[in-house]
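Numbering (the UniProt record's numbering), first residue to last: 1 to 203.
Structure, rendered in structure tokens:
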């Protein structure tokens, strides 16, 4: 059965954000932690998973598929480098759904070859989160990607703001992923509620 993603996809860098924002009603959240020891990441995954289970949210673990399996998680997201080294058979055997990042046609072909549960495309707009070797994709690339992947859910990411949500979803994205527009906002709780209201009104 085709996965249905919530149109609001929040990405955070520690479990404290999960505990802070998921209780507001967030239903889809990715835990993307970089540069910490595995034991510390496993502890944060465990904390985030408990919170998400309590509030009926889907937790997506970025990159650390082995820890996701060990902690009994149900969703992982892999970038292209991590996809190349991942044991996809083990991930599937654990009943874990898989999301994959793409930035060009070669990466899209690679992603589709592993039958992902969703495909992410980015950056749609310029982003301050990290240096990207790719130019902004724009709305037309969202439409192209959606035509290519069919019923597989498409997640748009990169430089997304509340004002840009309607155009992103109208172009064909099933879900809009956000990081800085919430995590760097002076009132993250208020901004999270605004994102939820706008995305739910559109779909």
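A virtual CB, placed ideally from N, CA and C, is assigned to each residue, including glycine.
Identity of the residues DSSP links to residue 30 by a beta bridge: For the purposes of this step, residue 30 is taken as residue 30 along the chain shown, with counting starting at 1. In DSSP, residue 30 forms a bridge with 11, 60.
Top-ranked residue by Cα proximity to residue 79, from 51, 73, 18, 110: Taking the first residue of the chain shown as position 1, residue 79 is located at position 79. Residue 110 is the option with its Cα nearest to residue 79.
Contact with chain C by residue 165, beta-carbon distance below 8 Å: In the displayed structure, chain C is absent; only one protein chain is listed.
Cross-strand partners of residue 206 (DSSP beta bridge): The requested residue 206 does not occur in the structure, where the chain is confined to residues 1 to 203.
For residue 118, the residue or residues it bridges with in DSSP: Taking the chain shown and counting its residues from 1, the one referred to as residue 118 is at position 118. Bridge partners of residue 118: 99.
As assigned by DSSP and simplified to three states, the class of residue 160: Within the chain shown, residue 160 is the residue found at index 160, counting from 1. Reduced to three states, the DSSP call for residue 160 is coil.
Straight-line gap, residue 49 to residue 171 (C-alpha atoms, nearest Å): Along the chain shown, read from residue 1 onward, the residue named residue 49 stands at position 49. Along the chain shown, read from residue 1 onward, the residue named residue 171 stands at position 171. Across the structure, residue 49 and residue 171 are spaced so that their CA atoms are roughly 32 Å apart.
Beta-carbon contacts of residue 95 that lie in its chain and below 8 Å, excluding the five residues immediately before and after: Against the chain shown, residue 95 aligns to sequence position 95. 74, listed in sequence order.
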